[in-house]
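Structure, as structure tokens:
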Amino acid sequence: MKTVCEVVVHDILPTLRAAIAKELIASYNLNQGEVAKLLDVSQPAVSQYLRQLRGKSGFLENKAVQDEIKEISGKLHQNQITSEDLSTKMCSVSNLIISNGLIKVGKFHGVDGCVVCKS
251 MKTVCEVVVH DILPTLRAAI AKELIASYNL NQGEVAKLLD VSQPAVSQYL RQLRGKSGFL
311 ENKAVQDEIK EISGKLHQNQ ITSEDLSTKM CSVSNLIISN GLIKVGKFHG VDGCVVCKS
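No gaps in the numbering here: position 87 of the sequence shown is 337 in the numbering used here, and each next residue is one more.
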């Protein structure tokens with residue numbers, strides 16, 4: 251059984267980064283190197299995101315998640331989001347995904363019972 255943190259790190263964050271990378275490339279014509287700088291990851295990581303080698307994507311069909319991805323991508327492109335704000339936003343979207351049951355988390359390790367997530 252995975253903890254909430256494991257699900258976020260292994261399944262959600264890579265998928266969100268991949269979706270943001272794809273959005274930045276498709277909507278703003280950025281190359282992988284430019285996307286890597288904006289996301290503060292390596293260019294090979296962006297390449298893997300684009301080839302869907304990291305994360306799980308089932309929750310990307312959710313309208314609220316799609317809207318968040320577009321908002322984050324736009325702010326990144328316009329340099330209107332700090333690293334700290336990006337981290338906060340990624341945590342917020344992760345919480346949205348888990349709390350709406352868009353990805354499975356072990357039955358004893360949900361967000362509702364997590365003291366850290368509540369703070």
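The beta carbon of each residue, even a glycine, is placed where N, CA and C say it ideally should be.
Tell me whether ASN350 sits in a helix, a strand or coil according to DSSP, three-state version. Residue state, collapsed to three classes: coil.
Check: Would SER342 be called buried (16 or more neighbouring beta carbons within 10 Å of its own) or exposed?
Finding: Counting Cβ neighbours within 10 Å, SER342 comes out exposed, since fewer than 16 surround it.
### Task
Tell me whether ARG267 sits in a helix, a strand or coil according to DSSP, three-state version.
Here ARG267 sits in helix by DSSP.
Exercise for the section: If I'm right that ASP319 touches LEU289 with Cβ under 8 Å, what's the distance once you round it to whole angstroms? Expected result: Checking the sequence shown, residue 319 turns out to be Ile, not Asp. That belief does not hold up - the Cβ atoms of ILE319 and LEU289 are roughly 12 Å apart, past 8 Å.
Checklist entry - Under the rule that 16 or more other beta-carbon atoms within 10 Å means buried, what is SER307, buried or exposed? => result By the neighbour-count rule (16 or more Cβ atoms within 10 Å), SER307 is not buried but exposed.
Cβ pair count under 8 Å reaching 3, the segment 292-302 against the segment 313-333: No: fewer than three Cβ pairs fall under 8 Å.
**Asked** For PHE358, which three-state DSSP category applies?
**Response** A caution first: PHE358 carries a pLDDT of 45, below 50, which makes its placement in the model unreliable, though a value can still be read off. Coil, per DSSP.
inquiry  = For the alpha helix (DSSP H) containing SER307, name the first residue and the last one.
reply    = Run containing SER307: none; DSSP gives neither H nor E here.
Buried or exposed by the 16-neighbour rule on C-beta atoms within 10 Å, applied to GLU273
buried
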